[in-house]
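Protein chains: 2
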Amino acid sequence: MMARLGALLLACLAAISAAVAQPADPLPSWNDGAAKSAIADFVARVTRDGGPDFVAPAERIAVFDNDGTLWCEQPIYFQAAFGLDEVKAKAPHHPEWKRQQPFKAFLANDKAALAAQGEKGLLALLAVSYSGMTTEAYAKSVGDWLAQAKHPRFNRPYNELIYQPMLELLAYLRANGFKTFIVSGGGVEFMRVWTEKAYGIPPEQVVGSSDVTQFKIGADGRPVLMKLPKVAFIDDGPGKPSGINRFIGRRPILAFGNSDGDLQMLQWTAAGPGARFLGIVHHTDAAREYAYDRHSRIGKLDKAWDEAVQRGWTVVDMAKDWKTVFAFEHGSTGAPQ
Amino acid sequence: MMARLGALLLACLAAISAAVAQPADPLPSWNDGAAKSAIADFVARVTRDGGPDFVAPAERIAVFDNDGTLWCEQPIYFQAAFGLDEVKAKAPHHPEWKRQQPFKAFLANDKAALAAQGEKGLLALLAVSYSGMTTEAYAKSVGDWLAQAKHPRFNRPYNELIYQPMLELLAYLRANGFKTFIVSGGGVEFMRVWTEKAYGIPPEQVVGSSDVTQFKIGADGRPVLMKLPKVAFIDDGPGKPSGINRFIGRRPILAFGNSDGDLQMLQWTAAGPGARFLGIVHHTDAAREYAYDRHSRIGKLDKAWDEAVQRGWTVVDMAKDWKTVFAFEHGSTGAPQ
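Here the protein sequences line up with chains S and E, keeping their order. Take 130 as the starting number for the first sequence in this note's numbering and just add one per residue. Take 130 as the starting number for the second sequence in this note's numbering and just add one per residue.
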């Protein structure tokens with residue numbers, strides 16, 4: 130008992146010493162400017178006990194898109210890169226693919242024939258990476274891929290392509306009593322393999338698109354969930370408020386996105402009573418990352434940008450507002466190869 | 130600053146004094162016996178740092194069925210009682226229902242004609258309570274109903290029909306670092322209106338059945354989610370492991386249910402590695418609550434009971450294991466009327 134009391138006393142002394150010390154900048158990778166100030170002002174307002182904008186901790190729900198908001202989404206969504214790599218890896222076991230579209234076109238790198246297969250063709254390719262396997266086998270294949278695949282430009286594992294300023298923002302919000310969620314069009318099971326380690330966001334706070342799974346008792350008597358090639362829910366565009374409603378059940382007070390696919394999530398968040406924060410990452414930095422917006426095939430930012438300007442939402446200019454984009458860049462140029 | 134340090138010092142003294150005091154029984158409504166011991170043993174094993182069965186707090190996921198496990202489900206599911214009350218309340222505005230089945234049969238209390246409409250008829254009646262309205266209007270109607278409706282036998286608001294021993298178990302688990310979830314066949318939006326206050330379980334930890342919602346910008350420019358008469362997901366039976374996988378994304382280490390609809394959730398939880406706790410509430414107490422199992426129309430406990438006995442899961446005998454069933458019973462007999 131005395132040792133326990135001693136430890137408690139030490140913890141108390143540490144807490145008192147922390148209370149006297151000056152806090153460090155919680156957002157060191159953000160340049161001083163309107164975006165950084167808007168974030169700090171919002172957090173100060175909603176956490177000031179007794180203030181007019183105070184929000185109880187349980188209601189401090191913050192939602193973040195993933196692709197293009199927390200990590201890079203170029204030159205193709207990383208989940209698509211995974212799916213296509215899986216097709217290549219499995220091709221030796223599927224000689225029939227040499228005669229079957231869309232596999233034939235993809236494996237022959239015949240871009241015209243592949244384009245002719247359209248979105249349906251792409252989805253058929255990607256389904257190879259998940260359908261007809263257990264949820265456990267799928268999670269393992271995602272983990273194995275992440276451990277060896279490299280981004281074509283940065284030559285780094287894909288899960289190093291996460292934005293350092295957004296990591297700091299997530300930690301800053303959590304330190305201020307927020308509960309942080311991902312609300313992404315990406316597959317929920319693809320994300321959960323790595324999001325807890327990467328972002329400190331546990332699986333139960335990841336909302337995403339999902340496929341139907343089927344419960345089965347295996348031959349060994351052990352139950353499994355089989356992933357079927359059937360979409361259960363698309364968590365994108367107008368699906369995002371539905372996903373927030375179904376999975377979280379509370380309206381967020383802060384939402385961050387980067388594309389038109391996030392517009393309805395931002396509108397839904399903005400429509401609640403009291404203080405709100407709406408943020409958009411604008412990709413303006415071709416040197417350190419990518420520059421794209423209104424005319425991009427991936428992560429198109431057009432209507433949401435107009436609405437952000439009109440309504441005074443915070444548009445983060447990656448080139449100007451972020452001192453650092455990726456944690457690794459101080460040791461590497463990340464220049465196009 | 131001095132006032133803040135003073136408060137910190139006081140908090141430290143309180144913590145030291147609490148560390149010296151003996152802990153009270155965390156499960157006072159449970160009689161001593163095998164069920165209570167099994168719970169305490171399991172919690173001690175998974176929380177003993179360095180022990181062979183230690184589970185990190187982030188992995189301490191506990192899932193609970195709701196109807197018949199956390200609150201009463203007789204004589205009909207309370208959500209069905211709500212739906213039928215809504216039909217009655219709305220009937221004056223729908224004169225056409227007097228000529229339309231299943232409304233005609235229900236409003237005339239014609240049980241034979243209603244039975245002839247089958248489950249489809251019941252679902253059509255219940256759809257009146259939610260479809261074609263916004264999620265906000267629906268939540269308000271549930272709250273309004275709970276504030277005035279009374280259980281036919283106990284003559285108490287439905288949300289007083291919650292099991293005191295299970296409330297203590299939820300609190301005990303949370304005090305030991307568990308994250309508690311509801312995984313119920315009930316509607317997720319029906320439950321979230323009252324589950325946080327009743328059980329201390331926040332909306333984002335409630336998994337349930339759900340309908341499709343549609344995002345719309347209203348005439349006033351404000352976005353709404355409309356509830357459509359279309360089922361998105363049924364979180365019952367084999368749907369429960371799928372729901373756990375989709376919403377929580379981690380396999381629980383503790384699961385509690387009461388009927389065959391919970392069997393797959395129990396099997397899924399049992400199949401993980403390491404220490405597991407599987408519990409079933411057996412309704413054996415006609416005097417204080419209800420007695421039913423293998424042949425019940427609601428909450429049938431048959432296959433799950435056999436499997437529980439065979440595999441040594443904990444079957445709680447409500448009459449023997451629970452000192453108190455409902456918190457109110459010390460002031461009221463709760464006898465059948």
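All C-beta atoms in this analysis are idealised placements derived from N, C-alpha and C, irrespective of residue type, glycine included. From a predicted model like this one, the values you see are computed outputs, not experimental measurements.
Contacting positions in the segment 367-384 of chain E - beta carbon closer than 7 Å to chain S: 367, 370, 371, 374, 375, 376, 377, 378, 379
At a CB distance below 8 Å, what residues from the segment 397-416 of chain S approach chain E? Give them in sequence order. 397, 400
Starting from the beta carbon of residue 187 of chain E, find every residue of chain S whose beta carbon is closer than 7 Å, and list them in chain order. 331
Does chain E have any CB closer than 9 Å to the CB of residue 489 of chain S? Residue 489 of chain S is absent from the model: chain S starts at 130 and stops at 466.
So, is the C-beta of residue 344 of chain S closer than 9 Å to a C-beta in chain E? yes
How long is the line joining the alpha carbons of residue 466 of chain E and residue 281 of chain E, rounded to whole angstroms? Bear in mind that the predicted position of residue 466 of chain E carries a pLDDT of just 37, short of 50, making it unreliable; the figure below should be weighed with that in mind. Roughly 8 Å separates the two Cα atoms.
For my contact list, residue 200 of chain E and residue 291 of chain E are in at a C-beta cut-off of 8 Å; report their separation, rounded to the angstrom. 4 Å
Which residues, in order along the segment 303-318 of chain E, keep a beta-carbon less than 7 Å from a beta-carbon of chain S? 317
Are residue 360 of chain S and residue 341 of chain S close, meaning C-beta to C-beta below 9 Å? yes
Name the residues in the segment 244-271 of chain S whose C-beta lies less than 9 Å from a C-beta of chain E; which are they? 264
With three or more C-beta pairs closer than 8 Å as the rule, is the segment 210-225 of chain S touching the segment 263-281 of chain S? yes
Are the segment 306-317 of chain S and the segment 365-374 of chain S in contact at 8 Å, needing three or more beta carbon pairs? yes
May I ask which residues mark the beginning and end of the beta strand (DSSP E) holding residue 443 of chain S? 443-446
Kindly indicate which residue of E:242, E:431, E:429, E:388 has the alpha-carbon position closest to the one of residue 193 of chain E. E:388
Interface residues of chain S around residue 339 of chain E at Cβ under 7 Å? 375
Alpha-carbon spacing of residue 223 of chain S relative to residue 241 of chain E, whole angstroms: 58 Å
Residues bridged to residue 345 of chain S by DSSP? S:353
Ranges of the beta strand (DSSP E) found wholly within the segment 143-211 of chain E, counting only runs of at least 3: 190-193
State the Cα-Cα distance for the pair residue 409 of chain E and residue 432 of chain E, rounded to the nearest angstrom. 12 Å
Quick one: which chain B residues come within Cβ less than 8 Å of residue 393 of chain E? Annotation note: the requested chain B is absent from the structure, which comprises protein chains S and E.
What is the DSSP secondary structure of residue 337 of chain S, counted as helix, strand or coil? strand
Counting only beta-carbon separations shorter than 9 Å, does residue 463 of chain S have a partner in chain E? Caution is warranted here: a pLDDT of 46 is assigned to residue 463 of chain S, below 50, making its placement in the model unreliable, and the coordinate value is therefore given only provisionally. No, residue 463 of chain S lies away from the interface with chain E (no Cβ there is under 9 Å from its Cβ).
For residue 195 of chain E, count neighbouring C-beta atoms within 10 Å of its own C-beta (all shown protein chains included) and say buried if the count is 16 or more, exposed if not. buried
Terminal residues of the alpha helix (DSSP H) in which residue 235 of chain E lies: 232-236
Cβ neighbours of residue 155 of chain E in the same chain (closer than 6 Å, five flanking residues each side left out): 301
Where does residue 313 of chain E sit, in a helix, a strand or coil, going by DSSP? strand
Among E:441, E:271, E:331, which residue has its Cα nearest to the Cα of residue 164 of chain E? E:441
Three-way DSSP call (helix, strand, coil) for residue 453 of chain S in this model: coil
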